Each structure stands twice: as C-alpha cells, then as structure tokens.
Amino acid sequence: MEKEVIISARHLKKVFGSGESEQVVYSDFDIDIYKGDFTVIMGASGAGKSTLMYSLSGMDKPNAGTVTFCGTEITGMTSDELAVFRRKNCGFVFQQIYLIDKMSLMDNAVAAGSLTNKNKKEITDKANELFDLVNIPYATRKKMPSLISGGEAQRAGIVRAAINSPAVIFGDEPTGALNSNNSDAVLDVFSKLNAGGQSVIMVTHDKKSALRGNRVVYLKDGEIFGDCDLGTYSADDKERTKKLEDFLAKMGW
Amino acid sequence: MGSLILHNLKKSRGSFVSFGIVMAITALILNTALVLLFQTSDAYDKLFDELNTAEISAAIPYAMDSDETADDIAALEVVSKTDSNEALFAQAALQEFQGSEFTMNTFFYRLSDERELSLHKISGETGTDSEMNAYIPLYLSELGGYKIGEPIRYIIDGTEYKFTVKGIVSEMQYGNYGTGYIGLYLSDSAYDKIKDDDNFMQVREYLIKTAENADIASVKKSVSKLFKDSNIPTLALMDSVTSKGSRTMVSSAIVLFLAAFAFIVLLVSIFLSRFKVKNTIDEEINEMGVLKGVGYTSPMLMFSQVIPYVIVCGIGLIAGVVFSYGLIPTVAGVLAVQSGFSYTPVFDISAALITVVTILAVVFIFILTAAGKIKKLEPINAIRGIDPLKPAAKNSFPLDTSSGSVGFDLILKHASESVGRNVLLFAVTFVLMTLLAFTGVLLFNVNVRPENFLTTLSEELPDVRVKAESGKTEELLSIPEMENVKAVKYGVFSMEYADGNIPTIVCEDFSRLENNIMYKGSHPKASDEIAIGSAFEEKYGIGDKFTLTQDGKEYDFTVTGFIQSVNNNGLIAEITDEGCTKMTDEPLEIFNLYLADGADISAFVKKLENDHSDLAASVSNAAEETKSMQMMYSSLITIVAAVLFIMTVFIVMLILYVILRSMLTSMKTEFGIYKAMGFTSGQLITRTVGSITPVVFGSALASALLGILYLPAMFGGIFGVLGAVKNNFEMPVFLLIVMAVILTAVNIIIGIILCRPIKKINPYSLIKE
C-alpha cells in the first residue's frame, strides 16, 4: 500500500548570512515525509539537519521553495498564521527541553492543550493519560521543572508536544542532554507514540536513537546523501542494527 | 572592569536612556525650583536696594501733616533716613482690567517729584505725549493687559479719568495688589489736572529707611504709635517684610510645588533603578557566576552594575540642569505677572551643585545597596542559576485545578510571578496617581468648578456691589428690580490697629453671607466682637482683646474667631455693622447683592446705573471683578498643573518602558517557547499587558480612593502657604475613579505599543541561541 505524504518540500533553499559571509545550507532541496513514519534525520555537524526540520515544521522560513504540510502550503503564512497552524499540526521536543520553569509539569501541558481545546477537564484528562504513558507519577506532575530530573523533564516535554494530538511530533536531538537510562526512557515514549500511529521526525547524532526510526535520511553538503528504510522498530533486532550500521558506514559516519 | 561597564551600558541602552530622561526631568524641575528659590528673593532684595526703597511707608491726610510730624519720625530710634512726598489717594475702579472692573486703593504720584527714597525705574517709554500721561506698574501692564500708548481708565465716585499709558514703572514699594495698594505715576500735566479734584484725597507719604538689622516690625509699631499719639489717621502703613511676603507668595508656593514634584519623581527613579539592577542580576546570574569563577571580585561586579547608572544619572542630571535654563525664564516671567517685578535669572552654581550632587549621591547609595546581592552569589551556584535570596518558584494559580479559563489563569499566573515587579508597579503607580489626582482635582476646581477656587482665595463673592446715595438705602432696596435679590449690608474699610492699618469687613449679619471664610471659632455677632485674620493667630487667641482705633479713640473688641484672606496675607478683621457704627457714627450704606440663579448680572448693573442713578451712588459687577482678580492665580495654577499632568503621563511612559523592556528581555526564551507551542504574538502581548494591569489598576484605584483622605491635607499644606487655611475644594470620587481608569487605560495602550517587539521574537531563535 502506498504511503500518504504528510509533508512535501520542493526546491527548498536556505541561506544564512549575506554577501561574503553567505552560507548556503541547502538549495533546490526536495523531500517527502510520510504519515505514520518515524523519520530520523542524521548527518555531520553543520549538515543542516535541524535547519531542515524547522523549515519543514514552519518554525523557520526557507529562503525559497515550498513546504506543503497536511495539504496546506505553509511557506507563505505569516508568523501568527504559522503559530495557529503549529497548534494543531506540530509538537516539538527540544534538546534543551524548554519547559516553562514558572509552571508545574501539568500546567506546561495544560497551557499547550488550551490552545486547541477550551474544556479544561478534557485537557487535564488528556494530559494525565499522556503522563501515564510516559511514566510520570501523579505527584511529580504537580512539581516545578527545576525540581525533577532531566529525563522526567524531557518526558514531560513530550507530553506537552503530544497534548494536541499533532500530525507530526518533531524531536530535535531530544536525548542529547540525557544520560543513557533517561535516553532510553524518552526513546521508549517516542516509540510508543509512533506505534500508536503518531508521525515523528527526529534529528539525532545518536545511532541508538536512530534505530527507533523506520526511515533514516542522511544529509551531506545540503543534499540527501542517503535514505535508508529500516523497517518497523523492535527491540534487540540485530538485523536492523546491522542495516543501520552498514548504511551509516556507507555515509562515512 | 572598564570593558564590563561599557558592555553593561551597551546591553541595556534603551532602559538607560529612559532612566537618564527621568533623571533629567527630576533635575530640570528641582533646579528650576532651587534657582527660583535662591534668585527671586535675591533679585527682589537687589532691586529693593538699587531703588533705595524705604522699609516703611506711611500715608496720612495732607491736612493733618506738619513739620513736627516729619521731625518726630526722623527722631525715631533706628530710623536712618526719611523722605516724604505728596500723593493723591482714591479708591479707584480700574476699567477693562482683563476685561472687567477692578477697584483698588490707588496712590497717584507725580513722576517728576524729586525722591531720595523709594525710587522707580521706567521702561518702554514712548515718544508720543499726551496731556494725561501715566506710568503704570508692571503688575497692571502684565496682568491687567494695558499696553504702552493705550488708554487706561478709572472711575472714581462716578467720574471717569482717562490716562494714556506712557511707560512701565518698576518700584518696590507697592508693585502688586497683594499689598492692598497700588501706585500710579502721572505726568505733571495729568497730576495737576486732577490734583484739586474732590474725588481724590491729598496725602503726605512718609518714607522711612531703617538702620541695618533694625526690627522693622517694631519701627512700624513706633510709627503707628506716633501717629496715634498725634491723633493723625493713617491711610496706609506698609512695611517691606509684609510687602515682600505678599509679592513673592505665589513664587514660594510654586517653588514648594515644584520641589515636591521633583522629590516624587526622584523617589520613582530610585524605585525604578533598584528594580532594574535587581532584575539585571537575576537575568545575568549565570554570567556573574562565570565572572566570579574566573576571578572577578564582588565589588568589581557590583560597581560594573552601579557605575553605568551613576554615569547615566550624572549625564541626565547635567542635561536636566542645562535644559532647566530654557524653562526658568518662562516660569520667572509667569511669576513676574503676579509679583509685579521681573528679573533675569542667571546660572546658579549652588542650585546646580545641590541638584546634581544630592541626587547622584542618593541614587548611588540606593543602587549600591540593590547591587549588594552580588556579594551573596557563590560562583558555582550562580553558574547553575541558583539565587540564594530568591525563594523557590511557586506554582500559583495551577491551571488544571483553578477556576476560570486557562487564558485568564495564565494572566493571573503571570501577574503573580514577580513580587518585586508588582511592588515596584504598585508603588510607582500609587505615587504617580497621587500626582495625577492632585493635579486633576486642582484643575477641576480651578476650571470646572472655579467657584470653589475663588471662594478659597477670596472673601465674599457677591454678584453686585452697590452703594446707596446717602439716606436712600430703604428706597433703593424697595425698587422692583430688587425683588428676588438678597441684599446684605457689607463693606470693607481700612481701620487702624496697634501695628498699622487693617482691611476690616463690616457686615450686618455674617450668617447671611455665602462664602464662609471662618476657619476657627465664630463670626462676630455683638457690637464688641471681632474675628481676625490668620496672620494674628500666633499673637491672639479666641476671647482675647483686640483694639481698633478711630479718630484717636481706642475701641476694644473680643476675638470670636479666625478668618482667612489670601489677598491680605491673613491681615484682616471683621466686625458687625453695629460695631462699626459705634466707631464712626456713619451708617453703612454699601450692599452685597445676590441675584437669583441665571439672572443677567450685567443687565442688572446697567439697569441700576441707568434707571436708578439717583438712588445708587455706585454699582459694580462684583462677580466680574473677583474673577479678574483671581485670574492671575488660576492661570498660573492651570499652567503649572497642566505641565505637571503632562510630565506625569510622560514619566508613566518611561517607567513602563523600563519595566516592560526588562520583562521582554528576561522572558524572551519563554515567549519563544510559547510561540513554538502555537501562541500568537497577539495572545502574548495581551497576556503581558494583562499581567501588569491588575496591579496598576488596583494601585491607581487605591491611590484615587485614598486621595479623598490625603488630598485635603496636600491642598491644605500648599494653599496654607498662600494663606488659605481652609479650602473649599471638592474631591469628586467619580473624577478620581475616572482618572484611575484613564491611568490604567494609558498603561494598557502604552503597554501594547511597548510590547510590539514580542512580534519579532521567533521561536526558531530558541534553537539558534
């Protein structure tokens, strides 16, 4: 069965700086992202992974080209139109987590949930459901971000990203600042969400994180240097691990 | 450390510019107040000396004068020099004084008379000459609006006297009508023409120069006693201290007003700078931890925060002092209208030093104590963002359990986040609302309810004042036009008391008057009772004896109460009609008339003048006269209040700018996160402005409502300086609430404008940073 394209980018161009200091990140770049996929974007530092992800999500505007997201072309939207678009379609999980430190974990989730639903009980129920999913106990949900571990904070970040059931959850190196145990817990949450049909795009440097995806796109010199179909994730699947290692070796990783 | 200071200065350019502007405003106002305080008095004394003005002047009927009188005066102790001249005296109704009639006790002098004391200076003399040339004092020219070359008309006992203004005269004897007398200097031909007219009383004026450091009050008393002992009535007995007091009265009140305003702005600036320093430390706690880690000491870091403020404060203060010299001549010019003497203010080093050094020292101390927090930062904790003095964040208004919508709860949550910010906003709004309430209520009572202002500064305010022809009082009061008109026998006469002359109100029944100027005790009812002015309060008490003299005979009165009179600096008295008759044997035939509401006063006056001239010896539109006389105060106060009102709004803008800029800087990341979540710029702007609005409105409302309690005390203090112990000002609650709402609305509008940079915050900058 043919996969449904959820994000389609055509002739994208992204440039930083101008004049002599101009740096072209990518040019005439095309990519399609499919619904229900866990797409991993990899590449060396400076390859433009995060830049691409934020262009696809409407968080950043490309200099040229178009991005069609869920059938809507978002490249021409104003900042506020993009904000409204993101409420329903995008969830973000950042490496630095970026929970609002003056709010409890629950309030972080409810504040985001209130953007698409005015029914406070429904928002709270949904948030509790997600907190259960990410294994954050009830008492911890009421705590302030400064009083919990990095892993708990990142899982709370995922709850906030998922509260509006977005079309795609974007993860920008979500385990980059976490230790191994916390990383696994966070990745497990991503896998669980993806298993439930949630589309995920994740930028990572980490091979273990990349294994969670079913598709790995490798960027080099502003182009898609390699695109690997890993198949559905399952723990301790040595064949998948070997396939990824071979792919990355071929990419010069 | 120099580069660190420069870095701190550059980083918060906008906030420092605002702080500098607020400091410049403070210096501008304070320096203006100080220069006026220092120089007005000096300039007055300088001109007083330059014109060799007599400390005491006394006018007596020419017919009662003798060589002995002159000798007796010259022989008085501590009198160093005496001079005398001839003058004509009349109660002259000046026409077209600011468009209406104004009756003044006027001395008409011959300009060419040789004088050794109380000289005068002439300015703006024209080339054209007429037979009736007059040189008028600056007061009449500036306030009355009489220009050189134009006519000036008087009506004295029904006869019109028309002069042509030939020049302006500066003199320090009378100068303005605050003294109760005014002088007009005539050409020889003009003086000779009126000299023998029965409408004028020929007088001898004695000018007395006292020895240095002499007690002027006791010399004045000796002069008064001398006349009394010789049975010579005095028409006027003036001393330089009282005269100076009355002429610089408004100037003193305005200096007080400006100094109070400068103090409030300084207070606000200190609140603001302390907030900014504390906020900067909160924002840069990690950076400070790193700097401490690499070897910067606490004093180095403290001074890197404090010195930029000191530099900006110093520049702002110097700029304010410089700019104040653009304002001072204008203010001095406005004051010249009231005081009747003008001078050119010059640069005043002591005022500048007091302004700059005092404020700089105060700001330095307050900011240094705010920066003291840096001492308590441990490097490693600071790097981790741990502030030892900051309480752990509390999740106020939890969104999942609190009532109300999430949007509203988010505003409340945001509003409750920073206690320091809220305290600052509350304090600053409270203080500024106090200023707005003060100026607003003042403007209301001066412009919307001018009767409140007029009755505070004046005595009785009838519609019409009429003097009946001798013996025709009953007939006059029974004419058809007097139907529905309240008539009260009322007159003001100059009477002698121990220290000179005193305007004395005589009335048949004080309870029938409409403006109660009594602030302590009660009005006289019996013929031997008297109420006296506030100037006597230190010396006399209720129940004491107060003596008036008439034709050399003393009459004792019992003090029943105290009355106020701004126009006479509290030197006033009131007795009953019977009490007056006891002294003079002449019936009081002057009436105050109060017409029915809406009646045409001018038409009534015309009717009496045209149809009943046989019954009414003189009729005047008293309402118009009073308005004109008080206009000098109201226009001055309106200008000052309006300027302060505008400045206050401007300061609100600057303060909001600093607070909101601090908020935007410290919350940049948070706004980025919200934007990434899908919040629009509009939502974030609304929330940010909404978060300060409850505190601003609460504080403004509290200040406005408490204003009902504290404003009377403020007005009492300021108008007390002018001699109005009791004021009739209204404190309309509705106006105060409306002003609180307006202040809040201004805050919201300015807040929305200042929060526009939120639109430029890009969620992607989170990642880039």
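Order-wise, the sequence lines are chains A and B.
So in this note's numbering, the last spot in the first sequence is 253, and the numbers never skip.
So in this note's numbering, the last spot in the second sequence is 1022, and the numbers never skip.
We treat Cβ as the ideally placed atom computed from N, Cα and C, and that holds for glycine.
None of these values were measured; they are calculated from a predicted model.
*Cβ neighbours of LEU750/B in the same chain (closer than 6 Å, five flanking residues each side left out)*: The identity of residue 750/B in the sequence shown is Tyr, whereas the question assumes Leu. Answer for TYR750/B: LEU801, listed in chain order.
_Cβ-Cβ separation, ALA690/B to MET992/B (assumed contact under 8 Å), whole Å_ = 6 Å
_I'd like to know if THR175/A contacts chain B, where contact means its C-beta is closer than 8 Å to some C-beta of that chain._
So no, THR175/A is outside the interface.
*Report yes or no: is there a C-beta of chain A within less than 8 Å of the C-beta of ALA929/B?*
With 8 Å as the cut-off, ALA929/B counts as an interface residue toward chain A.
*asked:* Between which residues of its own chain and LYS126/A is the CB-CB distance below 7 Å, once the five residues before and five after are set aside?
replied: GLY113, ILE163
*Taking the alpha carbon of TYR438/B as the point to measure from, which residue in LYS419/B, PRO777/B, ASP449/B has its own alpha carbon closest?*
Residue LYS419/B is the option with its Cα nearest to TYR438/B.
*What's the C-alpha gap between VAL893/B and ILE278/B?*
15 Å
*Look at PHE594/B and SER423/B and say whether their C-beta atoms are less than 8 Å apart.*
yes
*Sequence-distant residues of the same chain with beta carbon closer than 8 Å to PHE799/B, five excluded per side*: So the list reads TYR750, ILE783, ILE785, PHE789, TYR793, ASP809, PHE810, THR811, VAL812, ALA826, once near-sequence residues are dropped.
*Every unbroken alpha helix (DSSP H) within the stretch 118–171 of chain A, with a cutoff of 4 residues, ordered by chain*: 120–133, 138–141, 150–162
*asked:* Distance check for ARG87/A and ALA47/A, CA to CA, integer angstroms please.
replied: The straight-line gap from Cα to Cα measures roughly 28 Å.
*Determine, using beta carbons only, whether ALA929/B and PRO985/B come nearer to each other than 8 Å.*
no
*asked:* Need the endpoints of the alpha helix (DSSP H) that ILE278/B sits in, please.
replied: Counting along the chain, the alpha helix (DSSP H) containing ILE278/B begins and ends at 266–303.
*Can you tell me the Cα-Cα spacing of ASP752/B and PHE746/B, whole angstroms?*
16 Å
*Are THR708/B and ASN981/B closer than 8 Å when you measure CB to CB?*
yes
*May I have the straight-line CA-CA distance separating GLY925/B from GLU173/A, to the nearest angstrom?*
18 Å
*Determine the direct distance from the alpha carbon of SER551/B to that of PHE706/B, and round the result to whole angstroms.*
57 Å
*asked:* I need the DSSP call for ARG718/B, collapsed to helix, strand or coil.
replied: strand
*Within 8 Å (strictly less), CB to CB, does ASP132/A reach chain B?*
no
*Cβ contact (3+ pairs, closer than 8 Å) linking the stretch 395–411 of chain B and the stretch 555–566 of chain B*: no
_Check this for me: beta carbons of THR285/B and ILE607/B, under 8 Å apart or not?_
no
_Spatial distance of LEU130/A from TYR138/A (CA atoms)_ = Cα to Cα, the separation comes out at about 11 Å.
_Amino acids of chain B, ordered along the chain, whose beta-carbon sits closer than 7 Å to that of PHE92/A_ = ALA929
*asked:* Could you check whether VAL717/B and ILE854/B sit closer than 8 Å to each other, using their CB atoms as the reference points?
replied: yes
*Pick out the complete alpha helix (DSSP H) segments inside the stretch 542–611 of chain B, 4 residues or longer, and give them in chain order.*
The stretch 542–611 of chain B is shown to contain whole alpha helix (DSSP H) runs of 4 or more residues at 551–592, 602–606, in chain order.
*Going by C-alpha distance, which of LEU988/B, THR901/B, ILE282/B, GLY951/B is nearest VAL574/B?*
ILE282/B
*Which residues, in chain order, does the stretch 109–120 of chain A contribute to contact with chain B at a C-beta distance below 9 Å?*
Residues passing the 9 Å Cβ filter: ALA109, VAL110, ALA111, ALA112, GLY113, SER114, LEU115, THR116, LYS118, LYS120.
_Counting only beta-carbon separations shorter than 8 Å, does ILE208/B have a partner in chain A?_
Outside the modelled stretch of chain B, which goes from 254 to 1022, sits residue 208/B, for which no answer is possible.
_Partners in chain B for ASP107/A, counting only beta-carbon separations shorter than 8 Å_ = ASN648, PRO651, LEU652, ASP653, LYS666
*Taking the Cβ atom as the reference point for each residue, do VAL24/A and GLY222/A lie within a distance shorter than 8 Å?*
yes
*Exposed or buried, which one is ILE602/B when buried takes at least 16 other CB atoms within 10 Å?*
exposed
_Endpoints, the beta strand (DSSP E) within which PHE350/B is located_ = 332–350
*Please name the residue in THR922/B, ASN648/B, VAL896/B, GLU842/B whose C-alpha comes closest to that of MET144/A.*
ASN648/B
*Considering only residues of the stretch 694–759 of chain B, which uninterrupted alpha helix (DSSP H) runs meet the minimum length of 4 residues and lie entirely inside it, listed in chain order?*
703–710, 726–730
_Residues, ordered as in the chain, of the stretch 64–84 of chain A that lie near chain B by beta-carbon distance below 8 Å_ = SER79, ASP80, ALA83, VAL84
*Where do the ends of the beta strand (DSSP E) carrying TYR434/B lie?*
No beta strand (DSSP E) contains TYR434/B, which DSSP labels as neither H nor E.
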